[in-house]
Amino acid sequence: MSNAPHILVIDDESQIRRAIRTILTEKGFRVTTASRGEEGLTLAATNEPDIIILDLGLPDMDGVEVCARLREWTQCPIIILSVRDSEHDKVAALDAGADDYLTKPFGIEELLARVRVALRHSTSRQGAQTKLVKAGSLTIDLVWHIVKRGEEEVKLTGTEHKLLAYLAANHGRVLTHQNILTQVWGPADANHTEYLRVYMRQLRKKLEVDPERPQYILTEPGIGYRFISDG
Amino acid sequence: MNFAPMKSSSFISQFWQYLFSLSVIAAITAIFFALRGILDITLIALLYLIPLGMITAFQGLGPGISSALLSFLTLNYFFIQPYYTLAAHRPADVVILIIFLIVAVVISQLVGRMRASLAKATAREREATQLYELSTILTGLHDDHTIIQVLTKQIQAVSQGEYVELSTTGARAFTYHLPEIDPPPRLPELTVPIQAARGVLGEIRLWKAEPAISSEEKRLLQTFASQGALALERAWLVEAESRAKVLEESDHLKSILLSSVSHELRTPLSTIKAASSSLRGNEVSWDSHARVELIAAIDDEADHLNMLVGNLLDMSRIESGALKPKREWNILSEIVESVLARMRYSADEHKLEVDIPENLPFVSVDYVQMEQVFTNLVSNSLKYAPASTKIQIRAYIEGDTIHTQVSNQGPQVPPEHLERIFDKFYRVTAADRVTGTGLGLSICKGIIEAHGGRIWAENITDGFAFNFTLPLTWDGQLPMDTETE
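Have a look at this one:
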C-alpha cells in the first residue's frame, strides 16, 4: 500500500471529508485530510502528496490563496472542489494554478476521472515533455507541428495551430479564456473572448466528427476549454 | 407681480412724485392766473380742490398735503388782493383762505387714507391669492424634489429676487436654485428656515439687494416656508407609508416562498431518507432489483434537490439585483448546442430541431446564464409537450434585437395565464402533476431582463412558444468584426 498514490483532501466539511476518504481508500489511494487552509499547507509540505483536492471555502483562508501558496513551491496537481455558480471563483483558482475543478455536489465517478487525469499529469511532469498527443482518430505532433486525422493531415492556419498545440499540451486540464488568450494571442487580447469563440468553431469544424457535439475540445461554461486526449 | 407699497418707499421715485405734484399745481396756477379777471376768487378756490383731490388719489398722502399747502400759498399770493403778497385785507378773503386750507387738507387726508387702505387691501388680496395658488399646487405633489422646485419658482416669481435657493437637510438633502447659475458672491439678504413640527427641514435663501426686502415680504416668505414644510412632511409621510406597504407585501411573498420551498425541499428529501434507510436497514437484499432502484432514486433526488437549491439561489440573486451578467461576445448556436448535448438523454422522446443561421452575429451574453435560460425553456417544453413531438429553437435578427423562439407542439395555455407563467411558483396545471420548482421560468425572465431583453409566451398555430429578445448591441457597440485568417 505504501506505493499507492497519496491524496491530500483539504475541505472544512467533515461529511465531505468522510465520504471522499471512504471512497478513495476503497479505490486504493492513501488519503490524508485537513479541515483548514494552514493545516493543509503544512500537510502538503510534510507529506508531499501526489494530488491535492482543495475546497474553495475554507474557514481560515480562501482556497484561491491556498492554491497560490502551494504553487510557490510545488507542481503537484490541484483539483478544486467548489459549490455551484461561482465561475468567478473557479476562474480565479484556475488562474492561481489549479489544474481542474469539480462542482459540488459531484458524482464520485467524475471525481475519480479527474483524479486519474491529474495522476497522469503528475507523472508526465516528472518525466519528459509530451511530444505526441492522441485523441480518438487525431494525432497531434507538438514537435513537428503536424496534425493528422486518421492518416490524413489536417491543414491549420498559424493561429489555429498555436491554439490547438497549447490545448493539446495541456490536455485534460481546464484552461481559462484569459489563460488561452494570453498564451496564444498575447496579453493585449486577454479579454477578447470572441476571438476564441471564432477559432474554436473553426478548429472544431476541422477536427471534430460532429462539430456541434465536440468530443475533443470541450467548452467549460463560463470558464474556458478543456482538451480531452486518450491519455 | 410686485409690491406696490415698496415702490413709494424708494427715495428717488418719491422725489419725482413730489416734483410732479407741485408742477401740476404750478401749471394749474398759471391757467387760473390767465383767467384771473374772469373768475371769481371763490370759484378759483373751489377749482383748486379738483387737482388736489386727484393728486392725493394718484400720488399719495404726502404729495397731496404738500400740494394743498402750495395751493394755499399760490391762492393767497396770486389771487387774493393785494396781489403778490401773502397778506389778505378783506375779512372775507381771510375766511376763504382758512376754509380752503381746512378743506384742502381734509380732502387730501381722506383721499390719501382711502388710497392707502385700498393699496393694503390689494396687497393682502394678492398675498392671499399667491398663497392659495401655492397651496393648490403643493397639494397635488408627492415628490419632495418637485415640491422644492415649485416652491423656489413661486418665491422667485413673487419676490422678484435676483437669486433664490432652497435646500433640504438630512438624509434626503436636495438643493434647487433659480436662476440656474452660481449664487451671487455674498451672503443672502434673507434666510428663512423651513420649519416643521419635528424640526428644521431646510432653508430658503433669498438674494435681493434692490429694492430692499420689506417686512411684508418677509412675512410672506415665512408663510411660504411653512406651506413648504407642510408639503414636504406630507410627501415624506406618503413615501414612508408606501415603503411600509411594499415591505409588508414582500414579507408576505417571502412567507409564501418559504412555505412553498420547504414543501419542495422535503419531497426529494423524504425519497432519499426512505431509500437510504431501507438500504441501511438491510430490508432489501443486496442483489435485488429493488436495491438498484433505490440507489437510482437517491441519486436522482439528490440532483433534483441540488437543482432546487440552485434555482432558489438564482432567484434570490435576481430579486436582490445581484445577478449581474458577465457579458462576453458569444455564439448563440454554441450555447444552444451545448445545452442540447447535455439534455440529450432527457429529450430522447422528443425531436429537437435547431434553426440558427450560421451568420447570426455574436450576442453579448453571460454564457452560463444563457445556458440556464435554454435549459429551463427546453425542459419546460419537454415536460408539457407529448412524446415524439417537435421542439424547435430558432433565432434571427429582428430590428435591433436578436429574437429567439423555443416552440413546442404541446397544449396551448389559456391566454389569461400567458403573462403570469413567468411569476414565481405560478403553475398552469396542478403542482402535484408536474415536477419542478416553479422557479425556472421566473429565473429565465430575470436573466433575460438583466441582459436588457424581453421574454414572453404565446400560443402558436400548432402549440406553444417562448420568445425572448436580446439587444444586438452591447453598450452601444456592435460585435467586432472577427476576421479569421
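Listed in order, the protein sequences are those of chains W and P.
Numbering (my numbering) for the first sequence: 344 to 574.
Numbering (my numbering) for the second sequence: 36 to 520.
No residue lacks a Cβ here, since even glycine has one placed at the ideal position from N, Cα and C.
Using a Cβ distance threshold of 8 Å, W/Thr482 and W/Lys491 count as a contacting pair. Under the 8 Å criterion on CB atoms, P/Pro421 is classed as non-interfacial with respect to chain W.
Burial is judged here by how many other beta carbons sit within 10 angstroms of a residue's own beta carbon; P/Ala279 has fewer than 16 and is exposed. In the structure shown, W/Thr500 adopts coil according to DSSP, grouped into three states.
Between P/Leu343 and P/Glu299, the beta carbon gap of about 6 Å places them in contact (Cβ cut-off 8 Å). With 16 or more other Cβ atoms inside 10 Å of its own Cβ, W/Gly406 counts as buried. Taken in chain order, the members of the region 551-569 of chain W whose beta-carbon sits within less than 8 Å of a beta-carbon on chain P are Glu555, Arg556, Thr562, Pro564, Gly565.
With a threshold of 16 other beta carbon atoms within 10 Å, W/Thr389 falls short and is exposed.
W/Leu413 is positioned such that its CB atom lies closer than 8 Å to that of W/Ile421. For P/Arg489, no alpha helix (DSSP H) run applies; the uninterrupted beta strand (DSSP E) run containing it begins and ends at 489-495, by DSSP. Taken through DSSP and simplified to helix, strand or coil, P/Lys386 comes out as strand. With 16 or more other CB atoms across the displayed protein chains lying within 10 angstroms of its CB, P/Ser477 is buried. Sorting W/Glu555, W/Leu550, W/Thr375, W/Gln558 by C-alpha distance to the C-alpha of W/Gly493 places W/Leu550 at the top. Residue pairing for P/Phe499: DSSP places it in a beta bridge opposite P/Asn443, P/Asn494.
In this structure, P/Ile490 places its C-beta atom within 8 Å of the C-beta atom of P/Phe457.
As DSSP reads the structure, W/Asp484 sits in a beta bridge with W/Leu475, W/Ile489. A Cβ-Cβ contact shorter than 8 Å links W/Leu386 with W/Thr375. Residue burial annotation: P/Leu70 is exposed, with fewer than 16 other C-beta atoms found within 10 angstroms of its C-beta. The three-state reading of DSSP puts P/Ala422 in coil, since its state is none of H, G, I, E or B. Using a 10 angstroms sphere on the CB of W/Lys433, the tally of other CB atoms reaches 16 or more, which defines it as buried. Scanning chain P for C-beta atoms nearer than 8 Å to the C-beta of W/Thr536 yields Glu363, Trp364, Asn365, reported in chain order. C-alpha of P/Leu166 to C-alpha of P/Ile131: approximately 52 Å in a straight line.
With contacts defined by Cβ atoms closer than 8 Å, W/Leu424 and W/Leu455 do not form a contacting pair. Scanning chain W for C-beta atoms nearer than 7 Å to the C-beta of P/Asn346 yields nothing, as the closest lies near 11 Å away. Counting along the chain, W/Lys447 sits inside the beta strand (DSSP E) bounded by residues 443-447.
Residue-level contact check: P/Phe501 does not touch chain W, since none of the beta carbons of chain W fall below 8 Å from its beta carbon. Beta-bridge pairing by DSSP links W/Gly567 to W/Thr519, W/Glu563.
If you look at P/Leu267, you'll find it in the alpha helix (DSSP H) that goes 250-315. Classified as buried, W/Ile560 has 16 or more neighbouring CB atoms from the shown chains inside 10 Å of its CB.
Here the C-alpha atom of W/Ala436 lies approximately 18 Å from the C-alpha atom of W/His464.
Here the region 236-243 of chain P lies against the region 254-274 of chain P, with 3 or more beta-carbon pairs under 8 Å apart. Counting only runs of 4 or more residues that sit fully inside the region 125-166 of chain P, no alpha helix (DSSP H) segment turns up. Residue pairing of P/Glu433 in beta bridges, as defined by DSSP: P/Thr436. Measuring C-alpha to C-alpha distances from P/Ala331 to each of P/Leu340, P/Glu318, P/Ile307 identifies P/Ile307 as the nearest. Beta bridge pairing from DSSP links W/Asp398 with W/Leu424. Residue-level contact check: P/Ser381 does not touch chain W, since none of the beta carbons of chain W fall below 8 Å from its beta carbon.
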